[in-house]
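Going by numbering that gives the first Met the number 0, the final residue of the sequence shown carries number 187, and the count climbs one at a time with no gaps. C-beta: ideal position from N, C-alpha, C; glycine also.
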Amino acid sequence: MELKKEFGERIEIYGINYERRWNLKIVEKFARANKIFPENDIKKNLPKIYIMDAGKKINFKSSSFDFIFSQASVQYISDKAKFLEEVNRLLTKTGKAVIEIQEIKRKHPAEYQNLFEIWDNNKIVLFRNYIRRFSNIKIKKGKWGKDCSVLIMKKSENFKLNLKLVNFLDLNQINSKWWGTKAVFVVR
Ligand SMILES: C[S@@+](CC[C@H](N)C(=O)[O-])C[C@H]1O[C@@H](n2cnc3c(N)ncnc32)[C@H](O)[C@@H]1O
């Protein structure tokens with residue numbers, strides 16, 4: 000919404016979310032509390048919210064977004080690799096995405112710490128190391144330390160992460176104090 004404040008009618012903003020309870024009312028409350036727009040302009044400046052699973056095909060045309068932003072969310076998505084490929088598909092040629100990824104959650108028991116677990120030739124490769132081979136992606140440290148990365152992504156033709164999702168587990172279903180979806184991938 001900060002971008003909408005800056006660029007007004009020159010841009011449109013969209014949001015996607017999996018859960019209906021995270022809806023436009025919360026966004027409106029946030030805009031009001033943070034005084035992002037004058038009171039009378041709030042409603043017309045809100046994003047269009049679509050309820051969908053970001054780990055599946057995202058129902059927008061290819062090359063339709065100049066900027067894609069995601070924070071504190073990828074850890075909940077099951078097919079995190081599919082999500083990143085979809086972000087690439089949706090970006091325009093000159094577009095840019097900023098995607099925060101919490102990879103490791105150290106407070107969980109050992110087997111549930113790695114939320115984006117990648118197996119290559121029977122060895123685990125950290126996501127932040129695996130992703131370095133893709134030249135369209137730069138990786139920076141996130142604000143929560145080394146276990147949380149921020150990907151700065153440009154569009155790449157035929158971008159494929161070559162990861163096959165073999166299983167995933169919503170950790171909150173085991174313990175209400177744990178969060179995120181642990182997803183396990185093998186390199187194809
Ligand atoms: C911790 S909140 C972060 C919300 C917001 N990005 C922020 O920074 O305040 C995580 C969000 O991810 C959404 N989410 C979880 N799984 C998702 C999925 N598979 N597809 C799309 N959104 C998802 C949840 O509904 C929730 O709104």
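In chain order, Thr180 place their CB closer than 6 angstroms to the CB of Asp169, counting only its own chain and leaving out the 5 sequence neighbours on each side. Between Ile136 and Phe126, the C-beta gap is not smaller than 9 angstroms, which leaves the two residues out of contact. Ranking Asn113, Ser77, Arg187, Asn16 by CA distance to the CA of Ser69 puts Asn16 first. Taking 9 angstroms as the cut-off, the Cβ atoms of Phe184 and Ser155 do not count as close. With a threshold of 8 angstroms, the Cβ atom of Ala32 does not count as near ligand 1, since no heavy atom of the ligand is closer than that. Annotation note: the region 4–69 contains the following uninterrupted beta strand (DSSP E) runs of length 3 or greater, listed N- to C-terminal: 13–16, 47–50, 64–69. In the three-state DSSP reduction, Gln172 falls in the helix class (H, G or I).
Glu11 and Asn161 have their alpha carbons spaced roughly 32 angstroms apart. Assignment of beta-bridge partners to Val185 by DSSP yields Trp118, Lys163.
By the Cβ rule, the region 42–61 counts as touching the region 77–91, because three or more pairs are nearer than 8 angstroms. For Val97, the enclosing beta strand (DSSP E) has its first and last residue at 90–101. Within its own chain, the residues whose Cβ lies closer than 8 angstroms to the Cβ of Ile138, once the five positions on either side in sequence are excluded, are Arg127, Ile130, Arg131, Ser148, Val149, Leu150, Ile151, listed in chain order. Between Phe66 and Ala96, the C-beta gap is smaller than 9 angstroms, which places the two residues in contact. Val73: not part of any beta strand (DSSP E); DSSP gives it neither H nor E. Residue nearest to Gly7 within the set Ala32, Trp21, Leu45 is Leu45 (criterion: CA-CA distance). The three-state secondary structure of Lys81, taken from DSSP, is helix.
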